[in-house]
Each structure stands twice: as structure tokens, then as C-alpha cells.
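Trainee: Can you keep this structure in mind? I'll have questions shortly.
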Amino acid sequence: MKYVDEYREPHLARQLLTEIRAKVVKPWVLMEVCGGQTHGLLRSGIPQELEGVIELIHGPGCPVCVTPVEAIDFAQELALRPGVMLTTFGDMLRVPGSRESLLSVRAQGGNVRLVYSPLDAVELARQHPEQQIVFLAVGFETTAPATALAVLQAAQLGLQNLSLLVAHVRVQPAMEAILQAADCRVQGFLAAGHVCTIAGCDSYEELAARYQVPIVVTGFEPVDLLLGIKECVQLLESGSACVRNQYQRNVRQEGNPHAQQILSEVYVVADRTWRGFGTVAAGGLSLRPEWQHFDAERRFQRCTAALPIDSSECRSGDVLAGRIRPIACPSFGTRCTPQSPLGAPMVSSEGACAAYYRHRPLTGTQALSNSELGTL
Amino acid sequence: MCLAVPGKIVRWINHQATFARAEVEFAGIRRMCHMACVPDAVEGDYVLVHAGIAITRIDAEEAQRVLKDLATLNDVDEEPVP
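Here the protein sequences line up with chains D and H, keeping their order.
Residue 40 in our numbering sits at position 40 of the first sequence; the count goes up by one each step and never skips.
Numbering-wise, our numbering comes out as the position in the second sequence, counting from 1, plus 376.
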């Protein structure tokens, strides 16, 4: 596939690995923010290749993982109500709530429909006027324009039977929360490329200057990831805490103004609870007052409260904040697997625990010679 | 969840903002995508698609520049030491 295959070329990746090894004078600690980057790194064996040279800490950039349990419980409750169809992305199906997952709710007869796009939920609302269609709107800035468009389309079509359970999160406040933690070890960030496609790079300048931490906007393929690491190392070695864009084919400095316009038409910045983090100031998006008739939390009364979750078995909060690696969790791979997850990071295609579960057996050299670096 | 796939615009269907649509081809498979975030993209351009929405027009020149720079470095590395 054009614009993918070229960035998976093994000889280019090896060349960049050599350059990084030659350049590093001390073992820097970098955090890749997005869960898609975590999977890209582990799939291609890059962390093992750079062992002892660069330490990569995995960031919180998995919206499925940080969606609060209350939202998941409420979605399950709605799916079981007569006349309601709960729609969401496939990633949400196995995420455990305080009692069960949407998958088990569906097995009990709950009406849960997976969609590829929020706009598919608009189409379902048009086709099923007798049902209330609720879309569980999770995702970062990358995904929020799509759900905002669903609201605008529904309004223009005069649909009365579509609502959104909004759990959108914003990346930058979470990066700041990580930097503010007393035990923060992050010395440089690989910023989430596709979030920046929408939001741009400008807003990172202040963060980089205030915390004296370089931020490099980075893509997802092995060559993109290594270009990001190399740039971040260069900045660290030269003592420059500034922002660089290593993903310019998909990220403009100012972001995407059309998407930003759609976002600001529908959403406002709001505080949001992040699973594993607590309340993050300005960490999410909420519907603007003029669109609150599309808010599922207003349209439907919540009947059941979330149960307190026993966190002693699952260390996902520590994994999400980059405090421990997934394999340091006592439940990893034993009581917690993708088929039977205790925490959200083991479920999602972007969760760090799932990435370790799927890709950990490969050593760096094996991964580079026989993995998707060469074949995908 | 933030994963996005590059595809080539085959034909525009609707330019009206809220319902803007185009047919986009991904490795031989064609799919309808929403185009409100890339109103200036034209047929033949590549766009990055996430959750059914084109979120940016891929900058072909920039993509070429990065690969060219890498190839140049590779050539320099492989030059024999005099």
C-alpha cells in the first residue's frame, strides 16, 4: 500500500537504528504517546534493538483504555433497554466495565451494533426510526471530528432518535499530567501523529518550553518511529527542548483547520475522568449547550451505579501512566489475557498490555528479520 | 484507535460540507469516505482516512523528500573509504 510499504523497508530501518546507536551518548528515556505507536514499536522489535541505548516508556494514548468505567457501565445499561440500539467501535466490545463487558451484554440479548464510522450510526438512525440509536463516542482529537459530523448530519436530517454518549479525550493535558508526576522519568515525547494531523503542533511549544522536554511529532510505521526517535535523541543531546515534526506528509504545523472548525462547532473543552488517571483538567470534550439534546446522558436516566473495582489484580493504571511495564503486572498473561481481560489495555488493539501479549516473544533481531517490517 | 489508512480519491460524489463524500480506493478496495475535512483534495490525491473520514491530504512531495533524504544518507554510508 502506497505511503505505508515504503516506511516498512527493513534496510531503511536498519540504517536508522545504526545512526541512532552511533549518536547516543547516554541512555535517554522517551515516551511514545499513542497506543498505535506502541504496537508499531513492539511489532517491529525496535525497543529490543535499542535496549541499553534508548528506553521507551509506553504512553496513555489508547482511548479505549482510558474511557471511564461509568461510561462503559452506562452503555451496557442502555444496550439492555427495550427500544435502544447501542452502537460503537469494535474495540469497545470486550472492555470490562465494573460488572461485565458489552460482549456479555450482547450475549444476554442486549442490542449492541458495531460500526466502522460514527456516520454509520446516523444511517442506522435513519433506517430505524422506531429505535433510539446511541453512539458510544470514544477517541482522541483524531476521532472527534467524525462524531461531530454525525451530530451535524443528524441535525440537518432532523433525526430525533440519535444521541451520543460522549467520552472523548484530549492528549495534551494527559502529557502534562505525566510531566507533573513526582516520579516522572520521561525526558522526551514522541507525540501522537494522527492527533496532530487534526490539532497541529503549535500548542506543544509552550509545553516543551515549560517542562524543558523535547516533543517530536511521530508517525506509526517503523521508519517513521525511528525518524522520531532519532530526532528526539538529537534534541536531547544538544539540550534543545523544542518541538519538531517528523511526520510532515500527514501533519501540518497548524493542523487541519477544517476539522478544527467542525470540532469547535460541536464540542467544548471540558474536564474528564480518565481511567487510571482520575480527573484530567481540560482532558476531554463535551457537547456545546446548543447540541445537548444529542447527549445520551440527558436523554436517558442512569439507573445503576458503577461498582468499585478491585484494583489489586490489575495494574492498568500504572501501565497507562508509564510507571510499570505490562509484564511487571502479576496478572499479565495468566489471569489476564486478551480473551479474558482484567483491564482495558489488554483488550484494545492499541493497549500496551495487548501489545506485549502479542509481540513480546520476538527478540529484536528475529523481529527485524522475519516480522512485518519486511512482509507487510 | 487513531489508526488511519492512506487511500486514493477515485471520484468526488458530493461537495456539500456536512455530507461531502468521495469514493476512495485502498489497495484495490473502494469505499465511500466523508470529505468535509479535506474539501480542497482532488481526484488522484491520496488522503488519510480514519473512522470513515478523510482527515488530511497526504503531502506527496514531503513523503518523497523524506525517502530521498534517507536514500542519500544510505549512499553516503556505503561509499568506500578512500
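Each residue gets a CB set at the ideal place from its N, CA and C atoms; glycine is no exception.
Predicted model only: the values in this text are computed from it and were never measured.
(1) In chain H, what lies closer than 8 Å to leucine 165 of chain D by C-beta?
(2) Closer than 8 Å by beta-carbon distance: list the chain H residues that pair up with cysteine 353 of chain D, in chain order.
(3) Listing by chain order, which chain C residues have their CB less than 7 Å from the CB of glutamine 248 of chain D?
(4) Would you check if there are 3 or more beta carbon pairs closer than 8 Å linking the stretch 430 to 442 of chain H to the stretch 154 to 166 of chain D?
(5) Lysine 2 of chain D touches chain H at which residues, Cβ-Cβ below 7 Å?
(6) For isoleucine 429 of chain H, would you say it is in contact with chain D, using Cβ-to-Cβ distances shorter than 7 Å as the test?
(7) Skipping 5 residues on each side, what residues in its chain have a beta carbon closer than 6 Å to that of alanine 412 of chain H?
(8) What does methionine 92 of chain D pair with, by DSSP beta-bridge criteria?
(9) Please name the residues in the stretch 405 to 418 of chain H whose beta-carbon is closer than 8 Å to at least one beta-carbon of chain D, in chain order.
(10) Could you have a look at arginine 252 of chain D and say whether DSSP puts it in helix, strand or coil?
(11) Measure the beta-carbon distance from cysteine 65 of chain D to proline 338 of chain D and round it to whole angstroms, keeping in mind my assumption that it falls under 8 Å.
(12) Buried or exposed, going by whether 16 or more other CB atoms sit within 10 Å of the CB of histidine 391 of chain H?
(13) In the DSSP output, what is cysteine 409 of chain H paired with across the bridge?
(14) Glutamate 206 of chain D and valine 243 of chain D: beta carbons closer than 7 Å?
(15) I'd like the span of the beta strand (DSSP E) that includes methionine 175 of chain D, first residue to last.
(16) Around the Cβ of valine 457 of chain H, are there at least 16 other Cβ atoms within 10 angstroms (buried) or fewer (exposed)?
(17) Please identify the residue among D:Glu141, D:Pro330, D:Cys201 whose C-alpha is closest to the C-alpha of arginine 380 of chain D.
(18) Suppose you measure from the CA of serine 98 of chain D to the CA of alanine 436 of chain H; what does that come to, to the nearest Å?
(19) So does isoleucine 215 of chain D have its beta carbon nearer than 6 Å to some heavy atom of the ligand GDP?
(20) Let me see if you follow: with CB-CB separation under 7 Å, is threonine 432 of chain H close to chain D or not?
(21) Please report whether the beta-carbon of threonine 394 of chain H lies at a distance below 7 Å from any beta-carbon of chain D.
(22) Rounded to whole angstroms, how far is the Cβ of leucine 16 of chain D from the Cβ of leucine 227 of chain D, which I believe are closer than 8 Å?
(23) Under the three-state reduction of DSSP, which class applies to leucine 165 of chain D: helix, strand or coil?
(24) Going by DSSP, which residues form a beta bridge with lysine 384 of chain H?
(25) Since valine 186 of chain D and valine 134 of chain D should fall inside the 8 Å C-beta cutoff, what is the C-beta to C-beta distance between them, to a whole number of angstroms?
(26) Using DSSP bridges, identify the partner residues of phenylalanine 135 of chain D.
(27) For serine 348 of chain D versus cysteine 62 of chain D, is the C-beta spacing smaller than 7 Å?
(28) Any beta carbon of chain D sitting closer than 7 Å to that of alanine 403 of chain H?
(29) Buried or exposed, going by whether 16 or more other CB atoms sit within 10 Å of the CB of serine 44 of chain D?
(30) If we cut at 7 Å on Cβ distances, does glutamate 6 of chain D have a partner in chain H?
(31) Which residues of the stretch 116 to 146 of chain D have a Cβ closer than 8 Å to any Cβ of chain H? Give them in chain order.
(32) Distance, Cα to Cα, glutamate 382 of chain D vs glutamine 160 of chain D?
(33) Under 8 Å: do the stretch 100 to 118 of chain D and the stretch 139 to 150 of chain D share three or more Cβ pairs, one atom per stretch?
(34) Residues of chain D with CB closer than 8 Å to the CB of histidine 426 of chain H, please, in chain order.
(35) Beta-carbon within less than 8 Å of isoleucine 262 of chain D's beta-carbon, same chain only, minus the 5 sequence neighbours each way: which residues are those?
(36) Given this structure, state the Cα-to-Cα distance separating arginine 249 of chain D from glycine 317 of chain D, to the nearest angstrom.
Mentor: In short:
(1) What leucine 165 of chain D touches in chain H: nothing, since even the nearest Cβ is about 16 Å away.
(2) Those within 8 Å of cysteine 353 of chain D in chain H number zero; the least Cβ separation is about 15 Å.
(3) The displayed structure is made up of protein chains D and H, and chain C is not among them.
(4) no
(5) Pro382, Tyr422
(6) yes
(7) Ala393, Ala396
(8) Answer is none; methionine 92 of chain D lacks a bridge partner.
(9) His410, Ala412, Cys413, Val414, Pro415
(10) coil
(11) Between proline 338 of chain D and cysteine 65 of chain D the Cβ distance is about 13 Å, and since that is not below 8 Å, they are no contact.
(12) exposed
(13) H:Ala398
(14) no
(15) Premise fails: methionine 175 of chain D lies in the alpha helix (DSSP H), 171 to 180, not in any beta strand (DSSP E).
(16) Caution applies to valine 457 of chain H, whose pLDDT of 47 falls short of 50 and renders its modelled position unreliable; the model cannot decide the point.
(17) Examination of residue 380 of chain D is not possible in this model, given that chain D is present from 1 through 376 alone.
(18) 47 Å
(19) The ligand GDP is absent from the structure shown, which contains no ligand whatsoever.
(20) Yes, threonine 432 of chain H lies at the interface with chain D (some Cβ there is under 7 Å from its Cβ).
(21) yes
(22) The Cβ separation is near 7 Å, so the contact holds.
(23) strand
(24) H:Glu401, H:Tyr422
(25) Contact flag wrong, Cβ pair sits at about 37 Å.
(26) D:Thr87, D:Leu164
(27) yes
(28) It does; some Cβ of chain D falls within 7 Å.
(29) buried
(30) Interface with chain H (7 Å Cβ-Cβ cutoff): glutamate 6 of chain D is included.
(31) Tyr116, Ser117, Pro118, Leu119, Asp120, Val138, Gly139, Phe140, Thr142, Thr143, Pro145, Ala146
(32) Residue 382 of chain D falls outside the range modelled here, since chain D spans only 1 to 376, and no answer is possible.
(33) Output reads yes: the stretch 139 to 150 of chain D touches the stretch 100 to 118 of chain D.
(34) In chain order: Thr142, Thr143, Ala146, His194.
(35) Pro145, Ala148, Leu149, Leu152
(36) 34 Å
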